[in-house]
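Encoded as structure tokens, the structure appears first; notes follow it.
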Amino acid sequence: MYEYTNFYINGQWVQPATEENTLQVINPATEQPAGVISLGGREDVDKAVAAARAAFPSWSALSRDERIGYLEAIIRGYQNRMEDIAQAITLEMGAPSWLAKAAHGPAGLGHFMQALEILKQYEFEAVRGSSCLRKEPIGVCGMITPWNWPINQIACKVAPALATGCTLVLKPSEVAPFDAMILAEIVHDAGLPPGGFNL
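First residue of the sequence shown? That's 1 in my numbering, and the numbers climb one at a time after it.
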């Protein structure tokens with residue numbers, strides 16, 4: 001059974017503002033508890049957004065090569081945790097194990113790999129006549145993701161945001177949260193600067 005009762009904010013696992021607000025996650029295939037999580041409130045969101053805002057100037061100023069290095073580290077960590085991600089998806093949403101291993105996990109990995117390949121060749125600046133068109137990170141991204149195909153939905157938002165220099169706050173579905181928690185562990189182990197990714 002999973003127990004994720006802390007949030008990942010500013011590069012560390014922190015206790016929620018209200019510790020007694022927890023939710024039991026039910027495996028829909030067995031109708032048995034799969035784990036417990038904390039439910040966040042306004043104070044938790046404010047902390048996460050403040051961390052992402054504080055990290056944005058330095059994260060957005062990183063070079064393309066530096067962001068490539070972080071994405072490569074996330075991809076390596078993701079590949080190493082593929083079995084854990086598949087197991088989490090099976091327990092949190094009742095997906096058959098074979099489907100979680102063959103489709104769910106690889107779909108999320110594919111988004112990170114695609115973001116990496118695009119980042120390697122993306123034109124952030126182009127001269128058009130007498131003008132220079134510069135594409136810059138927009139800021140802090142708030143990401144709310146659904147329960148179905150959870151890591152796919154998460155990765156298709158998180159990967160391009162990090163690749164383009166945006167910081168983020170991720171709010172996964174409370175009924176399918178475990179794969180997002182594992183992704184936070186992967187991001188942490190990849191050495192992402194504090195505040196770049198918050199959950």
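Each residue gets a CB set at the ideal place from its N, CA and C atoms; glycine is no exception.
When you compare only the Cα positions, how much space is there between GLU123 and THR22? 45 Å
In chain order, which continuous runs of the beta strand (DSSP E) of length 3 or greater are located wholly inside the stretch 116-146? 125-128, 131-134, 140-144
Kindly give me the distance between the Cβ atoms of GLY142 and VAL169, rounded to whole angstroms, as I take these residues to be in contact under 8 Å. 5 Å
Can you tell me whether DSSP reads GLY69 as helix, strand or coil? Helix, per DSSP.
Inter-stretch contact (C-beta, 8 Å, three-pair minimum) for the stretch 70-85 and the stretch 183-193: yes
Can you tell me whether ASN198 is helix, strand or coil according to DSSP? strand
Nearest chain D C-beta to GLU3 closer than 8 Å, yes or no? No chain D is part of this structure, which consists of one protein chain only.
Span of the alpha helix (DSSP H) holding GLN153? 150-163
Where does GLU174 sit, in a helix, a strand or coil, going by DSSP? In the structure shown, GLU174 sits in coil (DSSP, three-state: anything other than H, G, I, E or B).
Starting from the C-beta of PRO194, find all residues in its chain whose C-beta is less than 8 Å away, skip the five residues before and the five after it, and write them out in chain order. ASN10, GLY11, GLN12, ALA51, ALA55
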